[in-house]
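**Q** Residue numbers (our numbering): 80 to 258. Where is the CB? At the ideal position from N, CA and C, for every residue including glycine.
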Amino acid sequence: TPTQPAELKLAVSGDAGGLRLKDLTVTESGRVLTHAMGRIPVSWRMQAAPHLRLDESAPLELSASTDPDSPLWELLTGSTGLQLTHPEARINLTGKLRPPAADLQVRVEQMKLALKNSRMSLPDVEDLAIDAHFDRSQVTLRNLSAKLEGQAVQASGQLPMKDEGGKQLWHHPTAFDWS
80 TPTQPAELKL AVSGDAGGLR LKDLTVTESG RVLTHAMGRI PVSWRMQAAP
130 HLRLDESAPL ELSASTDPDS PLWELLTGST GLQLTHPEAR INLTGKLRPP
180 AADLQVRVEQ MKLALKNSRM SLPDVEDLAI DAHFDRSQVT LRNLSAKLEG
230 QAVQASGQLP MKDEGGKQLW HHPTAFDWS
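1) Considering just the uninterrupted stretch of the alpha helix (DSSP H) at Pro150, what are its terminal residues?
2) Do the region 83 to 96 and the region 139 to 148 meet, that is, are 3 or more Cβ pairs less than 8 Å apart?
3) Work out the CA separation of Glu153 and Thr80 for me, nearest whole Å.
4) Reducing DSSP to helix, strand and coil, say where Gln247 ends up.
5) Does the separation of the CB atoms of Pro147 and Asp134 fall below 8 Å?
6) In three-state terms, what does DSSP make of Pro84?
7) Of all Cβ atoms in chain D, is any one closer than 8 Å to the Cβ of Asp203?
8) My assumption, with CB atoms under 8 Å, is that Pro166 sits in contact with Leu112. Please give the rounded CB distance.
9) In this structure, does DSSP put Pro252 in helix, strand or coil?
10) Could you pull out every residue in the same chain whose Cβ sits closer than 6 Å to the Cβ of Phe255, ignoring the five residues on either side in sequence?
11) Mind checking which residues open and close the beta strand (DSSP E) that includes Ala143?
12) Kindly provide the ranges of any beta strand (DSSP E) runs that are 3 or more residues long and lie completely inside the region 212 to 239, ordered along the chain.
13) What's the C-alpha gap between Leu201 and Arg132?
14) Given this structure, state the Cα-to-Cα distance separating Val187 from Gly174, to the nearest angstrom.
15) Rounded to whole angstroms, what's the CA-CA distance from Lys241 to Asp214? Just pull it up for me.
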């Protein structure tokens, strides 16, 4: 099917301290893809030479979420083969631009991976729940729980991040030192 153009609804106010995002809603064909709100320490200065100013030491507050019926999930299925039933995701960014922190929660009732032209199959996942925290010093998996082929699985843990660890994990995950 041809891709539909997305529509953006934006309600924002600002001052020298930054932008207050009252509502950012992205929709496609009248259905909400994602919703965000919060405060971002960015401003535009009108001086002799106008420029964008990021205040790296000012508070950052931004939350975004997507609902189970968001067309975003259909796009994910179409591009990856990952089929999700009743998925929900929420991320909250806090701290400062440098360094920020993030809390991520994901819930999925059922997850299947349909690999085309493959003899390999992966087990179905049910009741997937992920609760994680990311900051400059570490990644904390507070909870990962699911059922794999009906068997309960649960995990938690922490991964300390060295100075360049975050950059390496993001840009070159296969080269990351997991020790």
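**A** So, to answer that:
1) Residues Pro150 to Thr159.
2) Contact fails between the region 83 to 96 and the region 139 to 148, because fewer than three Cβ pairs, one in each stretch, are under 8 Å apart.
3) The predicted position of Thr80 is uncertain, since its pLDDT is 44 and thus under 50; a value taken from the coordinates is nonetheless stated next. Here the alpha carbons of Glu153 and Thr80 stand approximately 12 Å from one another.
4) Here Gln247 sits in helix by DSSP.
5) In this structure, Pro147 keeps its C-beta atom at 8 Å or more from the C-beta atom of Asp134.
6) Look at Pro84 here: in three-state DSSP terms it is coil, with no helix or strand label.
7) Chain labels in this structure do not include chain D; a single protein chain is all it has.
8) Cβ-Cβ separation between Pro166 and Leu112: approximately 13 Å, too far for a contact (criterion under 8 Å).
9) Looking at Pro252 - three-state DSSP - the assignment turns out to be helix.
10) Gln247 and Leu248.
11) Segment Glu140 to Thr145, the beta strand (DSSP E) holding Ala143.
12) Here the runs fully enclosed are 217 to 227 and 230 to 239.
13) Their Cα atoms are separated by approximately 47 Å.
14) Distance between the alpha carbons of Val187 and Gly174 is about 28 Å.
15) Rounded to the nearest angstrom, the two C-alpha atoms are 11 Å apart.
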